[in-house]
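Here's the structure we're looking at; comments come further down.
Numbering (our numbering), first residue to last: 339 to 629.
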């Protein structure tokens, strides 16, 4: 059996949903390409694609992609669509702009697929309405990639994400990070706008391969998320990454983090905004609790 993974994203999703599976399966069983290369074949033929039994495609939403999927299926190639976000439900922090019928084409592609893979029970609940064949393949961590020495303790609270999540971050934790804590924000220079009286360190976009180096600067991780259907579909990936570096963390009680965290044992769940201050201070002041 030979599988082709078609990348349609960048950053962490590309790493965890495409690169790591390819690496685990090995070159004899899996190859990787990107959606632009695949679309270039739409007006050609799919003879060379017949060497693949399965093509795993990250979300598809334009007409060219649908056309190619139909051609591949007529060539007896099985199509899997992998969806690791809730592209159906959105809110003010996660606006989904599907102009020119993109939403209907996404739903059509989901219905056409032979299999839908996703990461969480909440996402399965969303997509099973459009395709009855949905399975959960959780994100997995490669421990060897986190074999990096942590910097000496400095009382640094850290968060990392893309710039699109900045407004959510500000609305949830703005004014609630203790002044004595140093703050490390990674992923976008827009984070320089965050108001914090103590030392603030900001890094721009970083490669997923540099994740361990980024985390080595953090003593206490925070994972602030608005409580909504979109975030219930997000996996607990940040918690797993922080855990691989033995970094204690505090998180909003979305569905994945309610499942991952036993409150007070392997982390803390926040139900009121003032608890960000309370539990950050608790971890800052108790070395045994951080271990």
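From the three backbone atoms N, C-alpha and C, an ideal C-beta is built for every residue, glycine too.
Where residue 498 sits in the DSSP three-state scheme:
Reduced to three states, the DSSP call for residue 498 is strand.
Along the chain, where does the alpha helix (DSSP H) that runs through residue 569 open and close?
Counting along the chain, the unbroken alpha helix (DSSP H) around residue 569 starts and ends at 567-570.
Roughly how far, in whole angstroms, is the beta-carbon of residue 337 from the beta-carbon of residue 393, given that I think they are within contact range, below 8 Å?
Limits of the chain in this structure are 339 at one end and 629 at the other, which puts residue 337 out of reach.
Cβ-Cβ distance between residue 420 and residue 455 below 9 Å:
At the C-beta level, residue 420 and residue 455 come within 9 Å of one another.
State the DSSP-derived secondary structure class of residue 341, mapped to helix, strand or coil.
Looking at residue 341 - three-state DSSP - the assignment turns out to be strand.
Backbone secondary structure at residue 449 - three-state DSSP
Here residue 449 sits in helix by DSSP.
Below 8 Å on the Cβ atoms is my guess for residue 473 versus residue 444; work out the distance and round it to an integer in Å.
No, residue 473 and residue 444 are not in contact; Cβ-Cβ is about 19 Å, not under 8 Å.
Is the stretch 548-566 close to the stretch 528-535, with three or more CB pairs under 8 Å?
Flag = no, the stretch 548-566 and the stretch 528-535 do not touch.
Beta strand (DSSP E) containing residue 510: first to last residue?
For residue 510, no beta strand (DSSP E) segment is defined; the enclosing uninterrupted segment is the alpha helix (DSSP H) at 504-511.
Would a C-beta distance cut-off of 9 Å place residue 461 and residue 509 closer than the cut-off?
Against a cut-off of 9 Å, the Cβ pair of residue 509 and residue 461 comes out as no contact.
Return the first residue and the last residue of the beta strand (DSSP E) that residue 583 is part of.
Residue 583: not part of any beta strand (DSSP E); DSSP gives it neither H nor E.
Give me whichever residues DSSP pairs with residue 606 in a beta bridge.
DSSP, once it has assigned bridges, lists 588 as partnering residue 606.
Along the beta strand (DSSP E) that carries residue 522, what are the first and last residues, could you check?
From DSSP, the beta strand (DSSP E) with residue 522 extends over 520-524.
Apply the 10 Å Cβ neighbour rule to residue 549 and answer buried if 16 or more other Cβ atoms are within range, or exposed otherwise.
Its Cβ being crowded by 16 or more others within 10 Å, residue 549 is buried.
Assuming residue 618 and residue 590 are in contact, meaning their beta carbons sit under 8 Å apart, how far apart are those beta carbons, in whole angstroms?
Between residue 590 and residue 618 the Cβ distance is about 14 Å, and since that is not below 8 Å, they are no contact.
Between the stretch 576-587 and the stretch 479-488, can you find at least three pairs of beta-carbon atoms closer than 8 Å?
Enough Cβ pairs lie closer than 8 Å, so yes.
Does the Cβ of residue 389 have 16 or more other Cβ atoms within 10 Å, making it buried, or fewer, making it exposed?
So residue 389 counts as exposed.
Identify, in the order they occur along the chain, each residue of the same chain with its Cβ nearer than 8 Å to the Cβ of residue 440, setting aside the five sequence neighbours on each side.
The beta carbon of residue 440 lies closer than 8 Å to those of 399 and 400 in the same chain, with the five residues before and after it left out.
Please list the segments of the alpha helix (DSSP H) lying wholly inside the stretch 513-562, counting only runs of 4 or more residues, in order along the chain.
Listed in chain order, the complete alpha helix (DSSP H) runs (minimum 4 residues) inside the stretch 513-562 are 549-553.
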